[in-house]
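Peer 1: When you line the sequence shown up against our numbering, it's residues 71 to 681, in that order. Next up is a structure, given as structure tokens.
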Amino acid sequence: MFNKYNLIIAIIIYSVTKLTSGKPNYHSKIAVINQQDQAELTADLLNNCFNKINTIIILSEKKKPILNNFKLNFSPSFIMIENINKLERIKRPKKIIYMQPPRIFLIQSKLNSLNNLLNNLKSYKIFWDIKIPIIILNENGNCNEAENYLFILWKMDFLNCLYICIDLNNNKKLLTFNPYIQKAPEPWKINKIINGSNDHPWTLFEQDYSSKKNNKHDICKSLNFDKARDLGNYPTRVGAIEYTPYLKINKLNGSIKYSGIDADINLQSLLKINTSIESIFFDKSIPLGYVEQSSGNVVGIIGNVSTGDIDLLMNSLVIAKIPNTTTTFTYIPVGLTSVTKKLNPLGVNFIYQSPSLNIYLSFIIIGLLIFTAVNLISKQSNYHNFIIVIQIIFGYSLNDLPVKFSMRIVLCTLMIFFLIINLIIPGNLKSSLTVVDGYKNIEDIKDLNELGYRVKTARFITELFDLSDVNNLNIREDNIQCQNELLSDNDACLDFDIYLKATMNLSNNIYHMPKKSFLSAQRTYLYRRDWPGLDRINKLQLRMMDCGLVTHWFKKYKINNRNNNYYKTMWEPLNILNFKFSFYVLFGGLAFSIIICLLEVVVFQIYCNVI
71 MFNKYNLIIA IIIYSVTKLT SGKPNYHSKI AVINQQDQAE LTADLLNNCF
121 NKINTIIILS EKKKPILNNF KLNFSPSFIM IENINKLERI KRPKKIIYMQ
171 PPRIFLIQSK LNSLNNLLNN LKSYKIFWDI KIPIIILNEN GNCNEAENYL
221 FILWKMDFLN CLYICIDLNN NKKLLTFNPY IQKAPEPWKI NKIINGSNDH
271 PWTLFEQDYS SKKNNKHDIC KSLNFDKARD LGNYPTRVGA IEYTPYLKIN
321 KLNGSIKYSG IDADINLQSL LKINTSIESI FFDKSIPLGY VEQSSGNVVG
371 IIGNVSTGDI DLLMNSLVIA KIPNTTTTFT YIPVGLTSVT KKLNPLGVNF
421 IYQSPSLNIY LSFIIIGLLI FTAVNLISKQ SNYHNFIIVI QIIFGYSLND
471 LPVKFSMRIV LCTLMIFFLI INLIIPGNLK SSLTVVDGYK NIEDIKDLNE
521 LGYRVKTARF ITELFDLSDV NNLNIREDNI QCQNELLSDN DACLDFDIYL
571 KATMNLSNNI YHMPKKSFLS AQRTYLYRRD WPGLDRINKL QLRMMDCGLV
621 THWFKKYKIN NRNNNYYKTM WEPLNILNFK FSFYVLFGGL AFSIIICLLE
671 VVVFQIYCNV I
């Protein structure tokens, strides 16, 4: 009995050993066949569905990529990346521009190497673009690992991905995913559903590939469907800070209500793509932010978009180039201007001012000189010609100068003449007769410099604009501090016109703002650069602008982006500066009349001498 059992055990061990020893050879054969068939499948897929591609970027851990021994029916430019730190162009046909779009990624990698390969590639901005289609190949041709490969690509924000393989039954397979909803166009079919990010369903789709003409069109048409069209209530991280008049946030009984043009534009867009909002609020003490020109560091709330902590910032802002972010196509025009305390001119009150002693002496001396000149000239033979010139200059019509009142007429006319001249060309006499030069209001940066204003502005504005033309610039941490200091001093505050208009409306018309902005800019919305829903959001917001919806919201919230009508119209006392243009006309006409009169006198004298 013992020997019998030993014999049976020996036979079982032998049989198992034989079967086990043959198994690796069988799988090795399958792997080799899959590698060859996989290359043929890839070439056939590119020829049929991607034959308009100009550049194929191959990422491979092998020196001989899968397509090296196969020819394509079209002539794209190839870029081979064997080592992420060493870029080599293996083929560049004539008349094909290097890196010419459209492009496609072809990735041949092991699963444990894929994540590092993509992270290293991300540092090369010239190659990194989540919109580029990706075809990914498993080196051992295993279809069962498609889920793991595609999930890694999804974590890197890629959506347009294809995993190609050949299963053990020699069926050619294409696999892709939809991380938002469980839908895809035919002939895609659901392979499995798993929990993705934020416990949201992540769906793996598959379809059989056939190169037959009847199926080829349907297969190619189904490959690049828009997965971000409907986010299936997938959460979007939205950052916001209350910033009137653009965005207001009200919290009541645990609910949050947004209002303002920034809220309407963004919330309507997010509602259209069917996403849930994960609100992240920031304290008002934190600035929206800017990029330091010297160091390149991102300061403030926008740094959270740059690091990927939030997907979008609901506040519109003037944006410089910020790493790892992008802006929408919606632009709101704004202007950079200043506010100063209004300087009311003295106007017609100059009549009640007492001229200084210098004024009296000047008129006495000038009057004596004129009186002497009149007496001397009156004894000359051409006396009447001189009288005509005097009449034209001082604007009165007399056949002859009266004997008793000649000096009085000359001095009164001379005084009016000085008033006209001193209003147009400021001189010493105008300090007591007309408006003081320092009483004109600010209209441009040149006025700020000439009148010696100390100009205050927020730090982020100096990072966005070149303010080298401003002489006395004082930087504050935020624009609120700049506006508050207007109440205590006579300095100027430099800020965006929309905020300064609000200050003007609350100031009871004691401030002045120029009619035109010093500099112009555009406010827009900041999004995470690789957020998949960005293209869809851009299209929706462009439609809002085209149909006039954005203009409607401007009117609804009474946001006026024009620089005229910058504060409420109020009646003001009439002053002499209001008639300045009239004095220019009078002076021009007077000068022209004098020239014509002198020419006539000279010509008449010559004519008389000839006769």
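Beta carbons are placed, not taken as given, at the ideal position from N, Cα and C, and that holds for glycine.
For residue 198, collect the residues of the same chain with a Cβ closer than 7 Å to its Cβ; drop the 5 residues on either side in sequence, then sort them by chain order.
Peer 2: Only 191 and 192 meet the Cβ criterion.
Peer 1: Might you give, ordered along the chain, the residues of its own chain that have their beta carbon closer than 7 Å to the beta carbon of residue 142, omitting 5 neighbours on each side?
Peer 2: Excluding residues within five positions, the ones whose Cβ falls inside 7 Å are 113, 116 and 117.
Peer 1: Tell me, to the nearest whole angstrom, how far the beta carbon of residue 408 is from that of residue 518; I am working on the premise that it is less than 8 Å.
Peer 2: Yes, residue 408 and residue 518 are in contact; Cβ-Cβ is about 7 Å, under 8 Å.
Peer 1: Assuming contact is defined by CB atoms lying nearer than 8 Å, are residue 384 and residue 309 in contact in what I supplied?
Peer 2: Yes, Cβ-Cβ distance for residue 384 and residue 309 is below 8 Å.
Peer 1: Could you tell me the boundaries of the beta strand (DSSP E) in which residue 385 lies?
Peer 2: Counting along the chain, the beta strand (DSSP E) containing residue 385 begins and ends at 382–387.
Peer 1: What's the gap between the Cα of residue 623 and the Cα of residue 604?
Peer 2: Their backbone Cα atoms lie some 22 Å apart in a straight line.
Peer 1: If you run the structure through DSSP and keep just helix, strand and coil, what is residue 662?
Peer 2: Three-state DSSP puts residue 662 in a helix.
Peer 1: Between which residues of its own chain and residue 313 is the CB-CB distance below 6 Å, once the five residues before and five after are set aside?
Peer 2: Closer than 6 Å at the Cβ level, and outside the excluded window around residue 313, lie 385.
Peer 1: Nearest to residue 128 by alpha carbon, out of 296, 587 and 202?
Peer 2: Ranking 296, 587 and 202 by Cα distance to residue 128 puts 202 first.
Peer 1: When we look at the beta-carbon of residue 362 and count the other beta-carbons within 10 Å, is it buried (16 or more) or exposed?
Peer 2: Counting Cβ neighbours within 10 Å, residue 362 comes out exposed, since fewer than 16 surround it.
Peer 1: Measuring CB to CB, does residue 307 end up less than 8 Å from residue 380?
Peer 2: It is a contact, given that the beta carbons lie within the stated cut-off.
Peer 1: Is it the case that the Cβ atoms of residue 174 and residue 206 are separated by a distance below 8 Å?
Peer 2: No. Outside cutoff.
Peer 1: Can you tell me whether residue 673 is buried or exposed, with buried defined as 16 or more other CB within 10 angstroms of its CB?
Peer 2: Label assigned to residue 673: exposed.
Peer 1: Tell me the rounded alpha-carbon separation between residue 593 and residue 525.
Peer 2: Residue 593 and residue 525: Cα-Cα distance of roughly 23 Å.
Peer 1: Just curious, the alpha helix (DSSP H) that residue 206 is in, first and last residue?
Peer 2: Looking at the DSSP string, residue 206 is not in any alpha helix (DSSP H); the run it does join, the beta strand (DSSP E), is 204–208.
Peer 1: DSSP state of residue 182, grouped into three classes?
Peer 2: Residue state, collapsed to three classes: helix.
Peer 1: In whole angstroms, what separates the C-alpha of residue 637 from that of residue 320?
Peer 2: Bear in mind that the predicted position of residue 637 carries a pLDDT of just 41, short of 50, making it unreliable; the figure below should be weighed with that in mind. If you take the alpha carbons of residue 637 and residue 320, they lie about 28 Å apart.
Peer 1: Residues bridged to residue 602 by DSSP?
Peer 2: None, per the DSSP bridge assignment.
Peer 1: Find out if the Cβ-Cβ distance for the pair residue 344, residue 305 is shorter than 8 Å.
Peer 2: Cβ distance not < 8 Å, so residue 344 and residue 305 don't count as in contact.
Peer 1: Is the CB-CB distance between residue 535 and residue 589 below 8 Å?
Peer 2: Yes.
Peer 1: Leaving out five residues before and five after residue 562 in sequence, what residues of the same chain have Cβ atoms less than 8 Å from its Cβ?
Peer 2: Excluding residues within five positions, the ones whose Cβ falls inside 8 Å are 408, 409, 410, 512, 518, 523, 524, 525 and 526.
Peer 1: Excluding the five sequence neighbours on either side, which residues of its own chain have a C-beta within less than 6 Å of the C-beta of residue 216, listed in chain order?
Peer 2: Closer than 6 Å at Cβ, skipping near neighbours: 233 and 245.
Peer 1: Quick one: grab the DSSP three-state call for residue 276.
Peer 2: Of the three classes helix, strand and coil, the one that applies to residue 276 here is strand, per DSSP.
Peer 1: Could you work out which residue in 239, 226, 211 and 241 is closest to residue 378 when comparing CA atoms only?
Peer 2: For residue 378, the nearest C-alpha among the options comes from 226.
Peer 1: Excluding the five sequence neighbours on either side, which residues of its own chain have a C-beta within less than 6 Å of the C-beta of residue 130, listed in chain order?
Peer 2: Excluding sequence neighbours, residue 130 sits near 178.
Peer 1: Does the Cβ of residue 296 have 16 or more other Cβ atoms within 10 Å, making it buried, or fewer, making it exposed?
Peer 2: The residue in question, residue 296, is exposed, as its Cβ has fewer than 16 Cβ neighbours within 10 Å.
Peer 1: Within 10 Å of its beta-carbon, does residue 316 have 16 or more other beta-carbons around it, so buried, or fewer, so exposed?
Peer 2: That one is buried.
Peer 1: Return the residue from the list 369, 204, 189 and 366 that minimises the CA-CA distance to residue 119.
Peer 2: Comparing Cα-Cα distances from residue 119 to each of 369, 204, 189 and 366, the minimum goes to 204.
Peer 1: Tell me the DSSP secondary structure of residue 310 in three-state form.
Peer 2: Residue 310: strand per DSSP, three-state reduction.
Peer 1: Grouping DSSP H, G and I as helix and E and B as strand, with all else coil, what is residue 159?
Peer 2: Interpretation of residue 159 is limited by its pLDDT of 44, a score under 50 that renders its predicted location unreliable; no figure is taken from the coordinates.
Peer 1: Where does residue 629 fall in DSSP's three states?
Peer 2: Three-state DSSP puts residue 629 in coil, outside helix and strand.
Peer 1: According to DSSP, is residue 521 part of a helix, a strand, or is it coil?
Peer 2: Correct three-state label for residue 521: coil.
Peer 1: Which residue spans inside the stretch 533–579 form an unbroken alpha helix (DSSP H) run of at least 4?
Peer 2: As far as the stretch 533–579 is concerned, its whole alpha helix (DSSP H) runs of at least 4 residues are 549–554 and 567–575.
Peer 1: With DSSP run on the structure shown, which of helix, strand or coil describes residue 622?
Peer 2: Here residue 622 sits in helix by DSSP.
Peer 1: Residue 376 by DSSP, collapsed to three states: which one?
Peer 2: Note: residue 376 maps to helix in three-state DSSP.
Peer 1: Compute the distance between the beta-carbons of residue 627 and residue 405, then report whether it is under 8 Å.
Peer 2: No.
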